[in-house]
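In the numbering used here, the protein residues as written are 705 to 826.
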């Protein structure tokens, strides 16, 4: 059984995306990345992306990750914050720690496609 099925399918993905964006947009460090973004369209793409990534039936037909995030000057810290918000969202929706860890592992390779501004070591 896929993670998509284990977490409850399309309705759970929809709930997760809504809660996730509520968290992200409430985060003062992340909110500026979404200024001027058509959120309904973005949420639709995110639902399809997450469903596909979790083994669901939806087909993600959006831009590749590098193109979608080009020019946004995303840092490692911002990437980590987004992953943390996603993990928190999933935990609050009752997704098991094991499934959250598997999802996080699947997202790790995306860092190189999303982060365009490496943070300097202190």
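Glycine included, each C-beta is placed from N, C-alpha and C at the ideal position. All values derive from a computational prediction rather than experimental measurement.
Rounded to whole angstroms, residue 759 and residue 707 show a C-alpha spacing of 7 Å. For residue 770, the uninterrupted alpha helix (DSSP H) run begins and ends at 769-773, by DSSP.
Residue pairing by DSSP places residue 821 opposite 779 in a beta bridge. With the rule of 3 Cβ pairs closer than 8 Å, the stretch 707-722 counts as touching the stretch 739-759.
Here the alpha carbons of residue 806 and residue 734 stand approximately 24 Å from one another.
For residue 739, there is no enclosing alpha helix (DSSP H), since its DSSP letter is neither H nor E. Relative to residue 820, the option among 784, 794 and 774 whose CA is nearest is 774.
If you look at residue 812, you'll find it isn't in any alpha helix (DSSP H); DSSP assigns it neither H nor E.
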